[in-house]
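*Asks:* My questions all concern the structure below.
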Ligand code: MF3
Ligand code: CO
Ligand code: CO
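Numbering (this note's numbering), first residue to last: 24 to 277.
Given below as structure tokens:
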């Protein structure tokens, strides 16, 4: 069942989205050579407490981290720990928070210094694809229009999309209907309506699509070891322009 959010619920989703975006932005400024992923997770925990919000990931199906932090060939669901970030890495961070009963979910990919041009390109293209996909989040379109756009754009650049993980509806729960895959057919799937809130999150691999899960039972890595990029926004479908609820803003939290 796809829920339509009422105006006062949308107001809460805005505040949750703003908190998630603010925290992700703050964490992005901490990414530096020599910093451990555990230190970033710890900072995320502190920022969440300060903002009066909770991690939507911690404890979700027993996930042990406050955020997901994944490096290079790690696609998603990396767990903070002793690994030190190195110059030239790509650090993907995914922040999901619960504020006053409502979720905000957003992710970004941060280059550490100057990275290889092909990898820089992967990040730019993936972020552009998210930007383009957001434009499809309009009443009358179908979920498949978003899915098709992401998959076809990725293919146009010689990249592949991850099939094991998908975008999703978001609201009181982290993962609500509908699923929003990064692959699919135009004019297929549920119709989008004003008041729906969805997380669009292209996960795009430089090489082949296939992923495997590490022994920690969470971290997804590309099977071919090539880099992967991930960007995500929570977006509200309106009768006009889609409203990105996790856009980073200057005004913050509370
Ligand atoms: N990456 C997922 C999303 O953005 C959420 C991760 S769930 C966790 O929807 F348990 F792995 F944290
Ligand atoms: Co996320
Ligand atoms: Co998500």
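The beta-carbon is built from N, C-alpha and C at its ideal position, and this holds for glycine as well.
I'd like to check one pair, residue 35 with residue 112: are the Cβ atoms closer than 7 angstroms?
*Replies:* For the purposes of this step, residue 112 is identified with residue 89 of the chain shown, where counting begins at 1. For the purposes of this step, residue 35 is identified with residue 12 of the chain shown, where counting begins at 1. No, the Cβ-Cβ distance between residue 112 and residue 35 is not below 7 angstroms.
*Asks:* Cβ of residue 108 within 7 angstroms of Cβ of residue 114?
*Replies:* Residue mapping note: residue 108 aligns to position 85 of the chain shown, counting from 1. Residue mapping note: residue 114 aligns to position 91 of the chain shown, counting from 1. Taking 7 angstroms as the Cβ cut-off, residue 108 and residue 114 qualify as a contacting pair.
*Asks:* Does DSSP put residue 116 in a helix, a strand or coil?
*Replies:* For the purposes of this step, residue 116 is taken as residue 93 along the chain shown, with counting starting at 1. Correct three-state label for residue 116: strand.
*Asks:* Curious, which full-length alpha helix (DSSP H) runs of at least 4 residues does the stretch 161-235 contain?
*Replies:* The qualifying runs are 166-179.
*Asks:* If I measure Cβ to Cβ from residue 141 and keep anything under 8 angstroms in the same chain, skipping five residues before and after, which residues do I get?
*Replies:* In the chain shown, residue 141 corresponds to position 118, counting from 1. These residues qualify, in order along the chain: 229.
*Asks:* Whose C-alpha, out of 185, 190, 175, is nearest the C-alpha of residue 129?
*Replies:* Taking the chain shown and counting its residues from 1, the one referred to as residue 129 is at position 106. It is 190.
*Asks:* Under 7 angstroms, do residue 132 and residue 252 count as touching if we go by C-beta distance?
*Replies:* To locate residue 132, count along the chain shown from 1; it is residue 109. To locate residue 252, count along the chain shown from 1; it is residue 229. Yes, they are a contact pair.
*Asks:* May I ask which residues mark the beginning and end of the alpha helix (DSSP H) holding residue 152?
*Replies:* Against the chain shown, residue 152 aligns to sequence position 129. Its alpha helix (DSSP H) spans residues 140-157.
*Asks:* Look at the alpha carbon of residue 162 and the alpha carbon of residue 46, and state the distance between them as a whole number of angstroms.
*Replies:* For the purposes of this step, residue 162 is taken as the residue at position 139 of the chain shown. For the purposes of this step, residue 46 is taken as the residue at position 23 of the chain shown. Taking the straight line joining both Cα atoms gives about 30 angstroms.
*Asks:* Taking only three categories from DSSP, how would you classify residue 257?
*Replies:* Numbered from its first residue, the chain shown carries residue 257 at position 234. Strand at residue 257.
*Asks:* Could you tell me the distance, in whole angstroms, from the CA atom of residue 103 to the CA atom of residue 67?
*Replies:* Against the chain shown, residue 103 aligns to sequence position 80. Against the chain shown, residue 67 aligns to sequence position 44. The alpha-carbon atoms of residue 103 and residue 67 are separated by roughly 10 angstroms.
*Asks:* Taking only the alpha-carbon atoms, compute the straight-line gap between residue 176 and residue 185 and give it to the nearest angstrom.
*Replies:* Along the chain shown, one-based indexing puts residue 176 at 153. Along the chain shown, one-based indexing puts residue 185 at 162. Going from the Cα of residue 176 to the Cα of residue 185 covers about 13 angstroms.
*Asks:* Thinking C-alpha only, which one of 181, 152, 182 is nearest residue 324?
*Replies:* The question about residue 324 has no answer here: the residues shown for the chain are numbered 24 through 277.
*Asks:* Out of 105, 178, 92, 49, which one is the CA nearest neighbour of residue 73?
*Replies:* Position 50 of the chain shown, counted from the start, is the residue given in the question as residue 73. The option with the nearest alpha carbon to residue 73 is 49.
*Asks:* Would you report the Cα separation of residue 209 and residue 247, rounded to the nearest angstrom?
*Replies:* Translated into the one-based positions of the chain shown, residue 209 becomes position 186. Translated into the one-based positions of the chain shown, residue 247 becomes position 224. Computed Cα separation, rounded: 29 angstroms.
*Asks:* Among residues of its own chain, excluding the 5 on either side of residue 213, which ones have a beta-carbon nearer than 7 angstroms to its beta-carbon?
*Replies:* Along the chain shown, read from residue 1 onward, the residue named residue 213 stands at position 190. The answer, listed in chain order, is 25, 165, 166, 201.
*Asks:* Once the 5 residues before and after residue 64 are set aside, which same chain residues still bring their CB inside 7 angstroms of it?
*Replies:* By 1-based counting over the chain shown, the position of residue 64 is 41. For residue 64, where only same-chain residues beyond five positions count, the Cβ hits under 7 angstroms are 88, 89, 90, 92, 103.
*Asks:* Just the C-alpha distance for residue 265 and residue 215, rounded to the nearest angstrom, thanks.
*Replies:* The residue given as residue 265 occupies position 242 in the chain shown. The residue given as residue 215 occupies position 192 in the chain shown. Cα to Cα, residue 265 sits roughly 11 angstroms from residue 215.
*Asks:* Could you check whether the Cβ of residue 100 sits closer than 6 angstroms to any heavy atom belonging to ligand 1?
*Replies:* In the chain shown, counting from the first residue as 1, residue 100 sits at position 77. The answer is yes for residue 100.
*Asks:* Under 6 angstroms from any heavy atom of ligand 1, does the C-beta of residue 110 make it?
*Replies:* Against the chain shown, residue 110 aligns to sequence position 87. Outside the cutoff, so no.
*Asks:* Based on DSSP bridge pairs, tell me the residues matched to residue 134.
*Replies:* On the chain shown, residue 134 is found 111 positions in, with the first residue counted as 1. According to DSSP, which records beta bridges pairwise, residue 134 is partnered with 113.
*Asks:* Could you have a look at residue 124 and say whether DSSP puts it in helix, strand or coil?
*Replies:* The residue labelled residue 124 in the question sits at position 101 within the chain shown. DSSP places residue 124 in coil when its eight states are reduced to three.
*Asks:* Anyone know if the C-beta pair for residue 187 and residue 234 falls short of 7 angstroms?
*Replies:* Taking the first residue of the chain shown as position 1, residue 187 is located at position 164. Taking the first residue of the chain shown as position 1, residue 234 is located at position 211. Contact flag set, yes.
*Asks:* Between residue 232 and the rest of its own chain, which residues show a CB-CB distance below 7 angstroms, the 5 nearest in sequence each way excluded?
*Replies:* Residue numbering aside, residue 232 sits at position 209 when the chain shown is read from its first letter. Result list for residue 232: 183, 184, 185, 186, in chain order.
*Asks:* Mapping DSSP to helix, strand and coil, what is residue 237?
*Replies:* Position 214 of the chain shown, counting from 1, holds the residue named residue 237. Three-state DSSP puts residue 237 in coil, outside helix and strand.
*Asks:* What residue does the beta strand (DSSP E) around residue 243 start on, and which one ends it?
*Replies:* Stepping through the chain shown from its first residue, residue 243 is reached at position 220. Unbroken beta strand (DSSP E) run through residue 243: 243-245.
*Asks:* Please list, in chain order, all residues of the same chain as residue 94 whose beta carbon is under 8 angstroms from its beta carbon, the five residues on each side excluded.
*Replies:* By 1-based counting over the chain shown, the position of residue 94 is 71. Answer for residue 94: 60, 101, 106, 108, 112, 113, 114, 115, listed in chain order.
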